[in-house]
Amino acid sequence: MTITLITGANKGIGYETARQLLAAGHVVYVGARDADRGEKAAAALGARFVQLDVTDDASVRDALRKIEEEEGRLDVLVNNAGILAEGPIDGPAALKAFDTNAVGIVRVTEAALPLLRGSSNPVVVNVSSSAGSFWAVTNPDRLESTLPLPLYSASKAAATMLTVQYAKAHPGIKFNAVEPGPTATDMTAAFGIGREPEASARVVVRLATLGADGPTGTFQDENGELPW
Ligand code: NAP
């Protein structure tokens with residue numbers, strides 16, 4: 000049995016990733032900050048629910064403690080929760096963007112490390128974004144170079160760097176960052192862009208189901224490795 004935790008899995012790409020990993024036979028914990036939304040999503044999927052706000056240390060600690068009590072280990076962690084952080088730029092907005100998109104990865108990963116060490120094939124997928132790629136945002140041929148989302152891009156650059164640093168620090172655990180592809184979710188609704196979450200979740204699932212000889216410390220989209 001593969002035990003999997005997905006943060007921000009009550010909707011969007013996280014929800015669809017949960018659906019696909021359940022179909023692949025995983026025991027999936029749907030992490031959601033709102034108990035009502037999370038319980039409904041988990042019930043609809045046939046998954047387990049765990050309350051988990053990535054910006055709240057106590058919530059993260061309690062969520063991983065619950066999984067430890069129930070399962071004794073964790074095989075796959077998908078750090079998916081994220082916010083777009085659009086709108087006026089100021090200190091509180093920047094802190095919120097980084098708290099959710101970057102510090103959230105640190106909180107959940109640090110709390111999960113002891114459980115991941117109990118797995119025979121531990122895997123972490125950080126759902127980052129090509130909007131956080133220096134290569135993409137400086138490339139006039141790429142849509143990312145036109146996006147006015149400095150806080151989102153900077154916090155996702157941090158998410159990708161955290162992936163590389165965690166991979167270096169923990170060679171026994173695979174850490175990869177993923178750009179899922181432009182997806183029509185609540186996050187992108189204002190832009191009216193993107194494909195169905197099914198296709199994007201497949202990119203996340205591919206990295207969440209790596210074998211023991213899979214890569215670590217990479218940044219990938221559906222076509223393979225992306226430049227930083
Ligand atoms: P979404 O539908 O808005 O889903 C975001 C999820 O994150 C929701 O479940 C949300 O929960 C959760 N979340 C936000 N803040 C949280 C917190 N503090 N604690 C726990 N959960 C929190 O967006 P999505 O498009 O599926 O995004 C999923 C991931 O893909 C994000 O990391 C995003 O940056 C990344 N991504 C998306 C696209 C795209 O085109 N959509 C492209 C590249 C990367 P609530 O329901 O409670 O708000």
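Going by numbering that gives the first Met the number 0, the residue at position 36 of the sequence shown is 35; the numbering climbs one at a time, nothing skipped.
Glycine included, each C-beta is placed from N, C-alpha and C at the ideal position.
These figures come from a predicted structure and were not determined experimentally.
So residue i packs on residue j, CB below 8 Å; how close in whole Å?
i, j, result
"Gln50", "Gly37", "7 Å"
"Asp220", "Val203", "That pair is no contact at about 11 Å."
"His25", "Thr6", "So it is not a contact: roughly 15 Å between Cβ atoms."
Please tell me whether residue i and residue j are closer than 8 Å, where the distance is taken between their beta carbons.
i, j, result
"Pro149", "Ile12", "no"
"Thr54", "Gly103", "yes"
"Pro196", "Thr208", "no"
"Val126", "Asn78", "yes"
"Ala111", "Thr99", "no"
"Ala96", "Ser132", "no"
"Thr137", "Asp74", "no"
"Gly216", "Thr159", "no"
"Lys173", "Gly213", "yes"
Does ligand 2 have a heavy atom nearer than 7 Å to the CB of residue i?
i, result
"Gly191", "For the structure depicted, ligand 2 is absent and the ligand set comprises only ligand 1."
What does DSSP give as the partner residue(s) for residue i in the beta ladder?
i, result
"Arg47", "Tyr28"
"Gln219", "Val177, Glu224"
"Thr182", "Arg194"
With distances taken from CA atoms, which of the options is nearest residue i?
i, options, result
"Ala130", "Ala84, Leu115, Ala111", "Ala84"
"Tyr14", "Ala31, Ala23, Ile172", "Ala31"
"Phe190", "Pro147, Pro121, Asp52", "Pro147"
"Arg72", "Asn120, Thr187, Ser152, Val59", "Asn120"
"Arg64", "Ala198, Glu109, Lys10, Ser199", "Glu109"
Start and end of the beta strand (DSSP E) containing residue i?
i, result
"Ile104", "Unbroken run through Ile104 is the alpha helix (DSSP H), 103-115; no beta strand (DSSP E)."
"Ala176", "173-177"
"Thr3", "2-5"
"Val77", "75-78"
Which residues mark the beginning and the end of the alpha helix (DSSP H) in which residue i is found?
i, result
"Leu63", "56-70"
"Val123", "Not the alpha helix (DSSP H): Val123 falls in the beta strand (DSSP E), residues 122-126."
"Val202", "196-207"
"Arg18", "11-22"
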